[in-house]
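For reference, the structure is listed below as structure tokens.
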Amino acid sequence: MSENEFIKELLSTSVNLEKNIDKISSIMKDKNVSVSVKNNIIFNCESTASDELLSVLLQNSLTNDSVLIDHEIAYKLGQLVQENSKEFLIELMSDENKDPIVRHEAIEALGNFEDPSLISLIEKYLDSNESLVRETAYLAVRKLSVLTKENKYKLNINELDTKQVNDEFSVRSPAFITKKSFIESKSMFFKGDLWEKYTALLRLRDLNTEESYEVIKKGFEDKSALFRHEVAFVMGQLNNPTFIKTLESVLNNPKEEDVVRHEAAASLGCINTEESKKILMKNLNNPIRIVRESIECAIF
334 MSENEFIKEL LSTSVNLEKN IDKISSIMKD KNVSVSVKNN IIFNCESTAS
384 DELLSVLLQN SLTNDSVLID HEIAYKLGQL VQENSKEFLI ELMSDENKDP
434 IVRHEAIEAL GNFEDPSLIS LIEKYLDSNE SLVRETAYLA VRKLSVLTKE
484 NKYKLNINEL DTKQVNDEFS VRSPAFITKK SFIESKSMFF KGDLWEKYTA
534 LLRLRDLNTE ESYEVIKKGF EDKSALFRHE VAFVMGQLNN PTFIKTLESV
584 LNNPKEEDVV RHEAAASLGC INTEESKKIL MKNLNNPIRI VRESIECAIF
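The sequence shown begins at 334 in our numbering and counts up one residue at a time.
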């Protein structure tokens, strides 16, 4: 069977994944296979493999080429929280040769493990020169301090919804959700520290009102690229056309950080209207690789 024939079978979910891990990971590392195909392979494997098998497959599929695919692998491993992936994620976090976007995703993933020993490992990066790494570490150690019940950072746990997986969106987020009112959350969104801003953003997302949407849109004025990228991600979760113009502006802004523009492209793909598709098609030849690849995955 040729590689193309195998890919077709793989995308039709008729392949025995356990017996073909090496073959699948080889395809994932093949620079001649498009990122959209690789992204679809991850999606299809996610729907058919056990969590343990998927974790092994993802770890064997790191491309060391596409930042988009490698950051997606780290993200998926953070959602799976399989013990067999912990060392892999620690190595990704620690490797200064990796792109900061990949390292950020590895740190965020480790923040989902209920392992107190990870706090001291991640704290080493609180002074990183890379803002994405430094700020993600700041969030992860706070989340871990709550998950492991050490509360080293003296957070007010009574004001947080500490469920790991959100009921509506079925994801593990990089922070917990504040229980505070809209007015209090709005104030934290603009004036809080990074942890408080994240907890407020997630609260505003869950309120899911026109009033909360208007606040979320203003998140792109924040000085933190990490926070701005999470604002874009949340817009994709909410999947509401009201965000299209804002996301288009972010995507088209050459002064914006790559991590934010890539997330804006992905969220336009999630919204998936004719208008959002036209915006993505116009940007299909974007010179920034992670932005261009995000658009390819969103369209194809």
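Don't be surprised by glycine CBs; every beta carbon is placed ideally from N, CA and C. Computed from a prediction, not measured in an experiment: that's the story for all the values here.
Counting C-beta pairs closer than 8 angstroms gives three or more between the region 504-513 and the region 528-543, which meets the contact rule.
Between R505 and N586, the C-beta spacing is not below 8 angstroms. Nearest neighbour of N397 by Cα position, chosen from S369, A382, D432 and K409, turns out to be D432. For E416, the closest C-alpha among the options P574, D384 and D428 is that of D384.
By DSSP's assignment, R505 forms a beta bridge with V498. Pairing L350 with L395 gives a Cβ-Cβ distance that is not under 8 angstroms. Minimum Cα-Cα distance from E543 among the listed residues M521, I621 and F515 corresponds to F515.
When rounded, the separation of the alpha-carbon atoms in E438 and A473 is 11 angstroms. Check the Cα spacing between I360 and each of H404, I340 and E483: the tightest is with I340.
Remark: C-beta atoms of S388 and L413 approach each other more closely than 8 angstroms. Annotation: the continuous alpha helix (DSSP H) that includes K476 extends over S464 to L480. Straight across, the Cα-Cα distance linking S369 with N491 is about 43 angstroms. R538 is the residue among R594, L465, R538 and D448 whose C-alpha sits nearest the C-alpha of N499. Partner residues in the beta bridge of L493, as assigned by DSSP, are T511. Close CB contacts of F576 within its chain, under the 6 angstroms cut and outside five residues either way in sequence, are with M568 (chain order). Straight-line spacing of the CA atoms in K352 and S418 works out to 20 angstroms. Of D363, S518 and N373, the smallest CA-CA separation from E629 is found for N373.
Taking all protein chains in view, the Cβ of F376 is surrounded by fewer than 16 other Cβ atoms within 10 Å, so the residue is classified as exposed.
Judged by DSSP in its simplified three-state form, D363 adopts coil rather than helix or strand. The DSSP-derived three-state label of P620 is coil. The region 447-459 makes contact with the region 470-484, as at least three CB pairs between them are under 8 angstroms. Put simply, the backbone Cα of E589 is about 7 angstroms away from that of V583.
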